[in-house]
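Numbering follows my numbering, in which position 422 of the sequence shown is assigned residue number 422; successive positions increment by one, without gaps.
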Amino acid sequence: MIRNFINGEYREGRTGRTFDDTNPVDGSLIDNVSEAAREDVDDAVRAAREALSGPWGSLKLAQRCDLLYAVAAEIDRRAEDFIAAEIADTGKPRSLASHLDIPRGAANFRVFADVVRNVPTESFASHAPDGKPALNYASRRPKGVVAVVCPWNLPLLLMTWKVGPALACGNTVVVKPSEETPATAALLGEVMNAVGIPKGVYNVVHGFGPDSAGEFLTTHPGIDAITFTGETRTGAAIIRASAAGIKPVSMELGGKNAAVVFDDADLDVTIAGLARSVFENTGQVCLGTERVYVQRSVFDAVVQKLADAAARLKPGHANDPDANFGPLISAEHQKKVLDYYALAKTDGAKVITGGGIPELSSSMKGGSWIEPTIWTGLAHGSRVASEEIFGPCCVVIPFDTEKEALHMANDTPYGLAASVYTRDIDRAHRFAGALKVGVVWVNTWFLRDLRTAFGGSGASGIGREGGVHSLEFYTELSNICIKLNGEAQ
Ligand code: NAD
Ligand code: 6OD
1 MIRNFINGEY REGRTGRTFD DTNPVDGSLI DNVSEAARED VDDAVRAARE ALSGPWGSLK
61 LAQRCDLLYA VAAEIDRRAE DFIAAEIADT GKPRSLASHL DIPRGAANFR VFADVVRNVP
121 TESFASHAPD GKPALNYASR RPKGVVAVVC PWNLPLLLMT WKVGPALACG NTVVVKPSEE
181 TPATAALLGE VMNAVGIPKG VYNVVHGFGP DSAGEFLTTH PGIDAITFTG ETRTGAAIIR
241 ASAAGIKPVS MELGGKNAAV VFDDADLDVT IAGLARSVFE NTGQVCLGTE RVYVQRSVFD
301 AVVQKLADAA ARLKPGHAND PDANFGPLIS AEHQKKVLDY YALAKTDGAK VITGGGIPEL
361 SSSMKGGSWI EPTIWTGLAH GSRVASEEIF GPCCVVIPFD TEKEALHMAN DTPYGLAASV
421 YTRDIDRAHR FAGALKVGVV WVNTWFLRDL RTAFGGSGAS GIGREGGVHS LEFYTELSNI
481 CIKLNGEAQ
């Protein structure tokens, strides 16, 4: 059974209930998960608060960072266990988990330990009205107990992207992993104990959203901040809940990201970037591309080459070395994506490739499989071209002028990410700077430097994390002003 991790111990939830953790490759049961009750969330928050004012709070910065480097090293040492847990929960290919999810899980601790050690303190020298000098300097302290609520698409990566900086800044955390992917958050508890992270610093409560662990945690009066990654609608519900206690929130939400391909682009580079951004992780990446705008003279070539890339995707079991394409996370999500596939046809789309469920071997029949899909012939502004689907699919739409492409790319309530493909350096800068999103890639996609700002605008979120921006969220800042009243001796 996968249990809650509270105050350094694995515990069954006091609901007495369990829910199934299933493998989306074939729908088989992986394990039962013990659902936390409100009292378990109370215990986790209390443990986190006690650790804050106790052993964790009394560590020197260098000691805290050394422990986080040890966490990273232990994730690396146990990489096989983490990969096995992640691929069972998500069905993603082993190659993806072993190159992206699990190494990033370790890097998120290493990088943020480095960041907190290297950020200088802001200071200003000034004068009081009587002419005596004054020194202002900023002092940072941890926010306190941080609630971390996570999605299922990159479970360890996105959870540690919050837990790493939160702990580096001296906070303690209570994590609510997605009900679809509880395993790696639970396993991280073993790592924390193994390297000597004090009890109560890292806690995990399992369950669902409304009237379950997610709601109990985000409405808990004992938390000091909420960091959330997930759907825009859920983010709105959590923001509403946070208002009662005036809790700071960091919101990384949905997107309907555009890629824009100009006719001078290197088409090999373009197709490599586009194929990853549309199909990687079966399209279940918040930064993924679902709208592709292509300059008319290269439209047919891009559509054909992208369809060729889709044809090279081979669905299969995560451990099959020939497979490079996994299932969707659940039957429920498969239904949502298939409904959009049906809507595209109703709206008159030309289905270039895909559009349904692939032919499956008998061992994959109970899984949540879907075909990679490309449509043309849909209007910019149609529902399929406007709403986040979160599947391996895209609408390809032609454009003639840069102005037209910019208008369509920005014409969305979302503002998370975009990519631009061009060899014209002037245009790259001009166009990238005019895109109303938090993250722009030029001639690539999902190339991350964790010191940079990450986040979205509009319906894609509130705030930025990464590098010093994470420090802004995970610390409380005081300005200290010292007046120097004495005379020189
Ligand atoms: P989700 O919003 O359904 O669930 C996310 C988490 O919130 C889960 O742990 C869930 O149990 C919990 N939750 C649900 N309702 C809640 C409530 N009322 N109160 C408290 N907790 C609640 O999202 P998902 O389906 O797990 O993930 C997919 C979505 O996440 C997509 O929209 C995707 O774009 C987005 N996402 C965004 C980013 C980003 O960085 N911007 C990254 C990954 C995923
Ligand atoms: O790379 C990251 O730090 C990050 N937050 C990625 C988000 C991916 C969304 O699915």
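Even for Gly, the Cβ is constructed at its ideal location relative to N, Cα and C.
Quick one: give me the first and last residue of the beta strand (DSSP E) that residue i is part of.
i, result
"CYS393", "393-399"
"GLN63", "Unbroken run through GLN63 is the alpha helix (DSSP H), 61-77; no beta strand (DSSP E)."
"HIS317", "Careful: HIS317 lies outside any beta strand (DSSP E) and carries neither H nor E."
"GLY31", "A small correction: the amino acid at residue 31 is Asp; Gly does not occupy that position in the sequence shown. Run containing ASP31: 28-34, per the beta strand (DSSP E) assignment."
"PHE228", "225-229"
"SER470", "Note, SER470: premise wrong, no beta strand (DSSP E); alpha helix (DSSP H) at 467-474."
"MET364", "Where MET364 is concerned, there is no enclosing beta strand (DSSP E), given that its DSSP letter is neither H nor E."
"TRP375", "373-376"
"ASP20", "18-23"
Would you say residue i touches the ligand 6OD, meaning its beta carbon is less than 8 Å from a heavy atom?
i, result
"VAL278", "no"
"THR229", "yes"
"PHE109", "no"
"GLY164", "no"
"GLY467", "no"
"PHE112", "no"
"GLU80", "no"
Go ahead and pull the three-state DSSP assignment for residue i.
i, result
"PRO327", "coil"
"GLY415", "strand"
"PHE216", "helix"
"ASN443", "coil"
"GLN489", "coil"
"PHE5", "strand"
"GLY235", "helix"
"PHE299", "helix"
"PHE262", "coil"
"ARG141", "strand"
"SER457", "strand"
"HIS380", "coil"
"ARG110", "helix"
"ALA147", "strand"
Between the Cα of residue i and those of the options, spot the shortest distance and give me the residue it belongs to.
i, options, result
"ASP40", "ALA62, GLU9 and GLY461", "GLU9"
"THR121", "PRO165, GLY209, SER212 and LEU477", "LEU477"
"LEU328", "GLY91, ALA47, TRP56 and ILE83", "GLY91"
"ALA183", "THR353, THR234, ILE238 and ILE83", "ILE83"
"LYS335", "GLY356, VAL204 and ASN324", "GLY356"
"PHE124", "GLU465, LEU135 and ASN4", "LEU135"
"SER250", "ASP268, VAL204, LEU154 and THR229", "THR229"
"ALA418", "GLU465, ALA47 and ARG291", "ARG291"
"ASP308", "PHE279, VAL175 and ALA241", "PHE279"
"THR227", "VAL175, SER368 and ASN203", "VAL175"
"VAL205", "LYS247, GLY316 and ALA37", "ALA37"
"GLY254", "PRO413, ARG14 and CYS169", "PRO413"
"VAL302", "ASP322, ALA265, LEU287 and ASN324", "ALA265"
"VAL201", "ASP320, ASN171 and ALA213", "ASN171"
"ARG49", "PRO24, THR18, PHE390 and LYS143", "LYS143"
"THR353", "GLN304, LEU187 and GLY245", "GLN304"
"ALA344", "VAL395, ARG427, GLN63 and VAL116", "VAL395"
Relative to the ligand NAD, is the shortest distance from any of its heavy atoms to the C-beta of residue i smaller than 8 Å?
i, result
"GLN284", "yes"
"CYS150", "yes"
"PRO327", "no"
"ILE492", "Because residue 492 is not part of the residues shown, which for the chain are 1 to 489, the question remains open."
"LEU447", "no"
"GLY461", "yes"
"ASN153", "yes"
"SER178", "yes"
"GLU252", "yes"
Assuming residue i is part of the alpha helix (DSSP H), what are its boundary residues?
i, result
"PHE431", "425-434"
"THR184", "183-195"
"SER53", "38-53"
With a cut-off of 8 Å, do at least 3 Cβ pairs link the segment 188-196 to the segment 28-36? no
At a cut of 8 Å, does the segment 134-152 reach the segment 216-235 through at least three beta carbon pairs? yes
Under 8 Å, with one C-beta from each stretch per pair, do the segment 221-231 and the segment 422-431 reach the 3-pair mark? no
Validate contact between the segment 204-212 and the segment 163-180 using beta carbons, cut 8 Å, 3 pairs: yes
Inter-stretch contact (C-beta, 8 Å, three-pair minimum) for the segment 266-274 and the segment 229-240: no
If we count Cβ pairs, one from each stretch, closer than 8 Å, do we get three or more for the segment 473-487 versus the segment 437-453? no
Between the segment 10-20 and the segment 100-109, are three or more C-beta pairs nearer than 8 Å? no
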